[in-house]
Every structure is written in structure tokens, then in C-alpha cells.
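According to numbering that gives the first Met the number 0, the sequence shown is numbered sequentially starting from 0.
Below is one structure; the comments refer to it alone.
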Amino acid sequence: MRETALQAERYGTASAFEGERFLEEMARPGRQEIEISGHLLRVGSRVRLRPRPGGDLLDAALCGRRAVIEGIDEDEDGTPHVAVIVEDDPGHDLGGARHPAHRFFFAPSELEPLAAGEESVPQRRVLVAGIGNIFLGDDGFGVAVAQHLLGRPLPAGIEVGDFGIRGMDLAYALGRGYQAAILVDAVPRGLLPGTLQVIEPGENQGDAAIPDGHRMDPLAVLNLARRLGQVPEHVLIVGCEPESISEDWSPASVMSLSAPAAAAVERAADMALELAAGLAAGKGPEAACE
Numbered sequence: 000m001r002e003t004a005l006q007a008e009r010y011g012t013a014s015a016f017e018g019e020r021f022l023e024e025m026a027r028p029g030r031q032e033i034e035i036s037g038h039l040l041r042v043g044s045r046v047r048l049r050p051r052p053g054g055d056l057l058d059a060a061l062c063g064r065r066a067v068i069e070g071i072d073e074d075e076d077g078t079p080h081v082a083v084i085v086e087d088d089p090g091h092d093l094g095g096a097r098h099p100a101h102r103f104f105f106a107p108s109e110l111e112p113l114a115a116g117e118e119s120v121p122q123r124r125v126l127v128a129g130i131g132n133i134f135l136g137d138d139g140f141g142v143a144v145a146q147h148l149l150g151r152p153l154p155a156g157i158e159v160g161d162f163g164i165r166g167m168d169l170a171y172a173l174g175r176g177y178q179a180a181i182l183v184d185a186v187p188r189g190l191l192p193g194t195l196q197v198i199e200p201g202e203n204q205g206d207a208a209i210p211d212g213h214r215m216d217p218l219a220v221l222n223l224a225r226r227l228g229q230v231p232e233h234v235l236i237v238g239c240e241p242e243s244i245s246e247d248w249s250p251a252s253v254m255s256l257s258a259p260a261a262a263a264v265e266r267a268a269d270m271a272l273e274l275a276a277g278l279a280a281g282k283g284p285e286a287a288c289e
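What follows is the structure, given as C-alpha cells:
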């Protein structure tokens, strides 16, 4: 009985001490400034987001966006985490009334201080969308290119998305304020397998039907996006001539690209990135293709 009482007293005291320590830590003022790439940044400073490669779709969507530092938090071991609000977030100015989901946390290495005068220059946004069905052989070419690009550092304003066969998602994404979009897909045109080409689709091309659940026709998606609302001013398709788009669902053919298509993935990624950089810089499709 005496031992039990002593244990209760001991643990009760320890618990109270931990509680007081926790409250003291919570009450301690957070850091107000942090040095990043030789620049001393404070709450209110503007930065460009550079999430580390290989992240999720949210990281890809935020990459290159401008943001405002709202707070600088630290772990118990002193590791800093910078809380930011995306600059063009409609809830940016709501202050304490803003939903917590509008705040994003980044490591200091994932933030890039804005250069002098850069804050006043609107950033053109370009979406590079990889599309296709990975279960149908070379039809998954666009997905492979998107995955390749997601492992690279991306220039400012360029966002990459792996949309697979989610045609409705892509149609809605095209209406989210991008100035240009590049769709990467397998496009059979009777050329040598692995041949790459840049296509500028006409406004009235393609079937107006809703995209089906197994294949994605980029022209049908564009027509659907136009019916839903605004689409980017410029849209290009980086197409690869497939060797085989198999629908037999055999283990030998699904979830793998043919040799010519696989060899074209890196070239297509370079091409899409070069086109996107030109469009982000304000060049038209003709100049971007040069």
C-alpha cells in the first residue's frame, strides 16, 4: 500500500511537471526571422515555394508559387518549419478567420527568397499534364513523362500533374487560372514508334463526349473544359507515336512501355519543360516551339 501511494505521488508530480513544461513551451514566443540562402527573412517576407522532388500532387501544385511567411515554428530539437500562405489564395487576407488548411509548412531549404523587384511581376502559370492508361501499354506514355518530371526541380510557374485517365479532373484543372497547358500523351499518327511531335489542337477538334473511364482523349477533355468555363490561352500536345496500345490485359503487355516509347520518355520530358519555360516567359506557341 505504501509503495503504491509513493508511486502515485511520484507519477503525479512528474505529470504536473510535464504539464507545466508543455505550457511554458507553448507560451514561448516563436522565432520571428530565419536566414535562407543568405537572406534574413521574417514573418511577412515573400518567398517562392520549391518543394523537394518526389513529393505528392500537392507539392507539384505548389511548386513555383509565391507565398508569404506567416510563422516560424520549431520542433523540440530546434528544427525550424516555416508556415506560409500562398500569395494568390483567396483567403490570404482573412487573418485569424482563415481556415487552418490554408497554411502550409515547408523546410527552409524548400523556400527561395524573391529577388528584388520580383514581387511586382505576375507569374505566368503553365500546367504540364501527363495523361494515359498505364494498363494499356504505350498508352501510359504521358504518365511516365509526368513521373519523370516530378523528380526534377521545376522552373518558376511550371506545375506538373499525373492525371492518368482522370479526364474530369483535368478538365477542371484547366480552368484554374493557367495561362498555358501542355498535355503529354501517346498519339498514333502512323509514324515510327517513339517519334515525338508538338501539336497545337484547333478549337473545334475532337469529340465533345464526356471522357470515358478507361481512356482519355485530350481533345475531348479540352472541349469539355471549354464547356465548363475558362481554359488556358495556349494549349499544346506533346505526342509520342506508340508501338503498341494493348487491350488484352495480359501480364506481358500491361503496365510497361515498349522499347521505343520508353526511350522517348526523357526526350519528351525535356521537350515539355522547354516548351513550358517558353510559355511561362510569355512567348507564344510558335516562339516556344523554336
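For each residue, glycine too, the CB sits at the ideal point set by N, CA and C.
Being a predicted model, the structure only gives us computed values, none of them experimental.
Extent of the continuous alpha helix (DSSP H) run through residue i
| i | result |
| --- | --- |
| P217 | P217 to L227 |
| R266 | A258 to A279 |
| H38 | Not the alpha helix (DSSP H): H38 falls in the beta strand (DSSP E), residues H38 to R41. |
| L190 | Where L190 is concerned, there is no enclosing alpha helix (DSSP H), given that its DSSP letter is neither H nor E. |
| G166 | G166 to A172 |
| D58 | L56 to L61 |
Residue environment, residue i, which counts as buried when at least 16 other CB atoms sit within 10 Å
| i | result |
| --- | --- |
| A275 | buried |
| E109 | buried |
| L39 | exposed |
| D55 | exposed |
| M270 | buried |
| F104 | exposed |
| A260 | buried |
| A155 | buried |
| E240 | buried |
| D206 | With a pLDDT of 48 at D206, under the threshold of 50, the modelled position of that residue is not reliable, and no figure is offered here. |
| D137 | buried |
| G94 | Confidence at G94 is low in this model, with a pLDDT of 45, below 50, so its placement is unreliable and no value can be given for it. |
| P231 | buried |
| E158 | buried |
| G281 | exposed |
| H147 | buried |
| P210 | No answer about P210 holds up, because its pLDDT of 48 lies below 50 and its placement is not dependable. |
| H80 | exposed |
| E242 | buried |
| A263 | buried |
| R49 | buried |
| L57 | exposed |
| R47 | buried |
| D161 | buried |
| G77 | exposed |
| L272 | buried |
| G53 | exposed |
| G238 | buried |
| A208 | For A208, the pLDDT reaches just 46, beneath the cut-off of 50, and the residue's location in the model is therefore unreliable, leaving the point undetermined. |
| G176 | exposed |
| A106 | exposed |
| G43 | exposed |
| A66 | buried |
| T3 | Below a pLDDT of 50, predicted positions are generally treated as unreliable, and T3, at 47, falls in that range; no measurement from the model is reported. |
| A172 | buried |
Opposing strand residues paired with residue i [DSSP bridges]
| i | result |
| --- | --- |
| Q196 | G238 |
| A66 | V46 and V85 |
| D161 | G129 |
| E32 | R41 |
Within-8 Å CB hit, residue i to chain D
| i | result |
| --- | --- |
| C62 | In the displayed structure, chain D is absent; only one protein chain is listed. |
Range covered by the beta strand (DSSP E) that runs through residue i
| i | result |
| --- | --- |
| D76 | Taken as a continuous stretch (DSSP letters only), D76 belongs to no beta strand (DSSP E), as it is neither H nor E. |
| D184 | A179 to A185 |
Contact check, residue i vs residue j, beta carbons under 8 Å
| i | j | result |
| --- | --- | --- |
| V125 | L278 | yes |
| I130 | L182 | yes |
| A82 | R102 | yes |
| G174 | Q229 | yes |
| S245 | P192 | no |
| A180 | A219 | no |
| P152 | S36 | no |
| A141 | A185 | In the sequence as displayed, the identity of residue 141 is Gly instead of Ala. Yes, these two residues count as a Cβ contact at 8 Å. |
| I84 | Q31 | no |
| A143 | A224 | no |
| L195 | A145 | no |
| G187 | L221 | The sequence given here has Pro at residue 187, not Gly. No, the Cβ-Cβ distance between P187 and L221 is not below 8 Å. |
Any non-hydrogen atom of the ligand COA within 7 Å of residue i CB
| i | result |
| --- | --- |
| H147 | This structure lacks the ligand COA, and indeed carries no ligand of any kind. |
What runs of the beta strand (DSSP E), each 3 residues or longer, lie entirely inside the region 97-159? 102-105, 110-112 and 125-130
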